[in-house]
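Take 113 as the starting number for the sequence shown in this note's numbering and just add one per residue.
From the three backbone atoms N, C-alpha and C, an ideal C-beta is built for every residue, glycine too.
This report concerns only the one structure given below.
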Amino acid sequence: MILEIKNYNKIIKHKTILENINLKLKSGNVYGFYGRNGSGKTMLFRAISTLIYPTSGDIIIDNKSVINSDYNLSNIGLLLEDPGFYSHLNGLENLSLLYEINHKRNVKYIEDVLKKVGLDNLKKEKYKEYSLGMKQKLRIAQAIMENQKIIILDEPTNGLDENSIENIRKIILELKNEDKLILIASHNKDDLKILCDKIYKIDGGKIVGEVEL
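Here it is in C-alpha coordinates:
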(Lines of atoms letter the chains of each structure in order from A and count residues from 1; the text may use other names and numbers.)
(Lines give C-alpha, C1' and ligand atoms only; values in the text may rest on other atoms or scores of the structure.)
Protein backbone atom coordinates (compact mmCIF):
# COMPACT_ATOMS: atom_id res chain seq x y z
CA MET A 1 0.00 0.00 0.00
CA ILE A 2 1.20 3.49 -0.87
CA LEU A 3 -0.16 6.68 0.69
CA GLU A 4 0.63 9.87 -1.19
CA ILE A 5 0.03 13.40 -0.01
CA LYS A 6 0.28 15.69 -3.02
CA ASN A 7 0.64 19.47 -2.89
CA TYR A 8 -1.69 19.58 0.11
CA ASN A 9 -2.70 23.02 1.40
CA LYS A 10 -5.30 23.94 3.98
CA ILE A 11 -6.36 27.51 4.74
CA ILE A 12 -8.85 28.29 7.50
CA LYS A 13 -10.07 31.87 8.00
CA HIS A 14 -7.21 33.26 5.88
CA LYS A 15 -4.63 31.35 7.96
CA THR A 16 -2.48 28.65 6.38
CA ILE A 17 -2.79 25.52 8.53
CA LEU A 18 -0.98 23.08 6.22
CA GLU A 19 1.33 24.27 3.48
CA ASN A 20 2.50 22.35 0.41
CA ILE A 21 2.73 18.91 2.04
CA ASN A 22 4.23 16.28 -0.27
CA LEU A 23 4.91 12.79 1.08
CA LYS A 24 4.99 9.23 -0.22
CA LEU A 25 4.56 6.62 2.51
CA LYS A 26 4.70 2.84 2.07
CA SER A 27 3.23 -0.03 4.05
CA GLY A 28 5.57 -2.10 6.24
CA ASN A 29 7.03 1.11 7.68
CA VAL A 30 6.54 3.29 10.75
CA TYR A 31 6.69 7.02 10.01
CA GLY A 32 7.11 9.57 12.76
CA PHE A 33 5.99 13.20 12.78
CA TYR A 34 7.85 15.33 15.28
CA GLY A 35 7.07 18.86 16.35
CA ARG A 36 5.96 21.07 19.18
CA ASN A 37 2.31 21.40 20.15
CA GLY A 38 0.51 23.38 17.47
CA SER A 39 3.08 22.60 14.78
CA GLY A 40 0.54 20.91 12.49
CA LYS A 41 0.95 17.23 13.34
CA THR A 42 -2.64 16.68 14.36
CA MET A 43 -4.00 18.74 11.47
CA LEU A 44 -1.99 16.61 9.04
CA PHE A 45 -3.50 13.46 10.52
CA ARG A 46 -6.96 15.02 10.30
CA ALA A 47 -6.25 15.73 6.63
CA ILE A 48 -5.15 12.16 5.87
CA SER A 49 -8.26 10.74 7.53
CA THR A 50 -10.48 13.31 5.73
CA LEU A 51 -11.71 14.95 8.92
CA ILE A 52 -10.77 18.10 7.06
CA TYR A 53 -10.67 18.71 3.31
CA PRO A 54 -7.94 20.52 1.39
CA THR A 55 -8.05 24.01 0.02
CA SER A 56 -5.91 22.46 -2.71
CA GLY A 57 -4.08 19.18 -3.22
CA ASP A 58 -5.03 15.56 -2.69
CA ILE A 59 -4.62 12.43 -0.59
CA ILE A 60 -4.07 9.33 -2.72
CA ILE A 61 -4.05 5.71 -1.52
CA ASP A 62 -2.93 3.08 -4.05
CA ASN A 63 -3.53 5.48 -6.92
CA LYS A 64 -7.06 6.32 -5.76
CA SER A 65 -8.01 9.77 -4.50
CA VAL A 66 -9.42 9.75 -0.99
CA ILE A 67 -10.82 13.24 -1.48
CA ASN A 68 -12.53 12.74 -4.82
CA SER A 69 -13.80 9.16 -4.59
CA ASP A 70 -15.70 6.77 -2.36
CA TYR A 71 -12.54 5.26 -0.88
CA ASN A 72 -13.30 2.89 2.02
CA LEU A 73 -12.14 4.87 5.04
CA SER A 74 -12.65 1.85 7.30
CA ASN A 75 -9.16 0.87 6.12
CA ILE A 76 -7.83 3.64 8.39
CA GLY A 77 -7.49 3.11 12.14
CA LEU A 78 -7.32 6.38 14.01
CA LEU A 79 -6.20 7.50 17.45
CA LEU A 80 -6.74 11.22 17.22
CA GLU A 81 -9.72 12.41 19.17
CA ASP A 82 -11.93 10.86 21.83
CA PRO A 83 -14.11 8.35 19.96
CA GLY A 84 -17.03 9.30 22.19
CA PHE A 85 -17.14 6.19 24.32
CA TYR A 86 -20.23 5.77 26.46
CA SER A 87 -19.30 6.57 30.05
CA HIS A 88 -21.82 4.11 31.55
CA LEU A 89 -20.48 1.12 29.55
CA ASN A 90 -17.30 -0.86 30.10
CA GLY A 91 -14.52 -1.28 27.56
CA LEU A 92 -15.86 -4.52 26.11
CA GLU A 93 -19.31 -3.04 25.62
CA ASN A 94 -17.96 0.14 24.02
CA LEU A 95 -15.68 -1.67 21.56
CA SER A 96 -18.37 -4.20 20.72
CA LEU A 97 -20.76 -1.43 19.69
CA LEU A 98 -18.16 0.05 17.36
CA TYR A 99 -17.02 -3.32 15.98
CA GLU A 100 -20.58 -4.40 15.18
CA ILE A 101 -21.07 -1.45 12.83
CA ASN A 102 -19.05 -3.31 10.17
CA HIS A 103 -18.84 -6.87 11.54
CA LYS A 104 -20.82 -9.61 13.18
CA ARG A 105 -20.75 -9.74 16.97
CA ASN A 106 -17.54 -11.37 18.25
CA VAL A 107 -17.06 -10.99 22.00
CA LYS A 108 -14.06 -13.35 22.12
CA TYR A 109 -12.20 -11.28 19.53
CA ILE A 110 -12.85 -8.01 21.38
CA GLU A 111 -11.69 -9.63 24.62
CA ASP A 112 -8.45 -10.63 22.86
CA VAL A 113 -7.91 -7.05 21.65
CA LEU A 114 -8.47 -5.70 25.16
CA LYS A 115 -6.00 -8.24 26.53
CA LYS A 116 -3.43 -7.22 23.93
CA VAL A 117 -3.48 -3.58 25.08
CA GLY A 118 -3.56 -4.53 28.77
CA LEU A 119 -7.23 -4.03 29.57
CA ASP A 120 -8.27 -7.59 30.40
CA ASN A 121 -10.04 -8.38 33.69
CA LEU A 122 -11.94 -5.08 33.60
CA LYS A 123 -15.43 -6.32 32.79
CA LYS A 124 -17.11 -4.50 35.67
CA GLU A 125 -15.40 -1.10 35.43
CA LYS A 126 -17.30 1.53 33.48
CA TYR A 127 -15.46 3.90 31.15
CA LYS A 128 -16.16 6.82 33.47
CA GLU A 129 -14.14 4.99 36.15
CA TYR A 130 -11.11 4.46 33.93
CA SER A 131 -7.83 6.23 34.64
CA LEU A 132 -6.21 8.38 31.93
CA GLY A 133 -3.93 5.49 30.99
CA MET A 134 -6.81 3.02 30.76
CA LYS A 135 -8.75 5.39 28.52
CA GLN A 136 -5.70 5.73 26.26
CA LYS A 137 -5.38 1.96 25.97
CA LEU A 138 -9.03 1.68 24.97
CA ARG A 139 -8.54 4.34 22.30
CA ILE A 140 -5.55 2.40 20.93
CA ALA A 141 -7.61 -0.81 20.95
CA GLN A 142 -10.31 0.98 18.95
CA ALA A 143 -7.71 2.13 16.39
CA ILE A 144 -6.33 -1.35 15.69
CA MET A 145 -9.25 -3.73 16.26
CA GLU A 146 -10.55 -3.94 12.68
CA ASN A 147 -7.33 -5.04 10.97
CA GLN A 148 -6.97 -1.64 9.36
CA LYS A 149 -4.29 -1.24 6.70
CA ILE A 150 -3.31 2.26 7.83
CA ILE A 151 -2.87 3.02 11.53
CA ILE A 152 -2.67 6.69 12.58
CA LEU A 153 -1.65 7.33 16.19
CA ASP A 154 -1.48 10.83 17.65
CA GLU A 155 0.62 10.84 20.86
CA PRO A 156 -0.14 7.15 21.58
CA THR A 157 1.91 6.96 24.80
CA ASN A 158 0.15 9.86 26.56
CA GLY A 159 -0.90 8.85 30.07
CA LEU A 160 0.81 5.45 29.96
CA ASP A 161 3.26 4.04 32.51
CA GLU A 162 6.59 2.56 31.43
CA ASN A 163 5.35 -1.04 31.20
CA SER A 164 2.36 0.01 29.13
CA ILE A 165 4.56 2.09 26.82
CA GLU A 166 6.76 -0.94 26.19
CA ASN A 167 3.68 -3.03 25.39
CA ILE A 168 2.32 -0.47 22.94
CA ARG A 169 5.71 -0.30 21.23
CA LYS A 170 5.62 -4.07 20.86
CA ILE A 171 2.13 -3.89 19.33
CA ILE A 172 3.24 -1.21 16.86
CA LEU A 173 6.20 -3.31 15.71
CA GLU A 174 3.92 -6.33 15.33
CA LEU A 175 1.63 -4.25 13.12
CA LYS A 176 4.62 -3.15 11.06
CA ASN A 177 5.58 -6.80 10.54
CA GLU A 178 2.02 -7.42 9.33
CA ASP A 179 2.74 -4.92 6.53
CA LYS A 180 0.63 -2.14 7.99
CA LEU A 181 1.39 1.51 7.26
CA ILE A 182 1.80 3.25 10.61
CA LEU A 183 1.96 6.99 11.29
CA ILE A 184 2.84 8.31 14.74
CA ALA A 185 2.88 11.92 15.93
CA SER A 186 4.77 12.94 19.04
CA HIS A 187 6.59 15.87 20.59
CA ASN A 188 9.03 13.31 22.08
CA LYS A 189 11.83 12.80 19.57
CA ASP A 190 13.48 9.97 21.50
CA ASP A 191 10.22 8.01 21.67
CA LEU A 192 9.86 8.20 17.90
CA LYS A 193 13.45 7.11 17.28
CA ILE A 194 12.78 3.79 19.00
CA LEU A 195 9.98 2.88 16.57
CA CYS A 196 10.27 4.79 13.33
CA ASP A 197 11.93 4.06 10.01
CA LYS A 198 11.76 7.75 9.12
CA ILE A 199 10.85 10.84 11.12
CA TYR A 200 9.61 14.07 9.56
CA LYS A 201 9.90 17.35 11.41
CA ILE A 202 6.87 19.57 11.06
CA ASP A 203 6.61 23.23 12.02
CA GLY A 204 4.15 25.93 11.09
CA GLY A 205 2.13 23.42 9.09
CA LYS A 206 5.09 22.57 6.85
CA ILE A 207 7.44 19.61 6.58
CA VAL A 208 10.74 21.33 7.34
CA GLY A 209 13.09 18.36 7.33
CA GLU A 210 13.85 14.92 8.67
CA VAL A 211 15.11 13.91 12.10
CA GLU A 212 18.35 11.95 12.06
CA LEU A 213 17.87 8.44 13.43
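Nearest-angstrom Cα separation, counted from residue j out to residue i
i: G147; j: T128; result: 17 Å
i: R281; j: L210; result: 24 Å
i: A253; j: N259; result: 11 Å
i: N218; j: N132; result: 43 Å
i: N184; j: G271; result: 31 Å
i: E286; j: S181; result: 31 Å
i: L156; j: K318; result: 10 Å
Own chain residues within Cβ distance below 7 Å of residue i, not counting five before or after
i: D303; result: T269
With 16 other Cβ atoms within 10 Å as the buried cut-off, status of residue i
i: R158; result: buried
i: G230; result: buried
i: L293; result: buried
i: L325; result: exposed
i: L137; result: buried
i: K227; result: exposed
Cβ-based neighbour list, residue i, same chain, cut-off 6 Å, excluding 5 preceding and 5 following
i: P195; result: Q254
i: G189; result: A255, I256, Q260, I263
i: T154; result: D266
i: V225; result: A253, M257
Where residue i falls: helix, strand or coil (DSSP)
i: E212; result: coil
i: T154; result: helix
i: E241; result: helix
i: I179; result: coil
i: N206; result: helix
i: V320; result: strand
i: Y143; result: strand
i: E131; result: strand
i: Y120; result: strand
Distance between beta carbons of residue j and residue i, contact taken as under 8 Å
i: D309; j: N141; result: 5 Å
i: L191; j: R251; result: 5 Å
i: I123; j: T167; result: 5 Å
i: I171; j: I179; result: 6 Å
i: L244; j: F145; result: 23 Å between Cβ atoms; not a contact.
Contacts around residue i, its chain only, beta-carbon distance under 8 Å, and the 5 residues preceding and following it disregarded
i: I222; result: L204, L207, S208, Y211, M257
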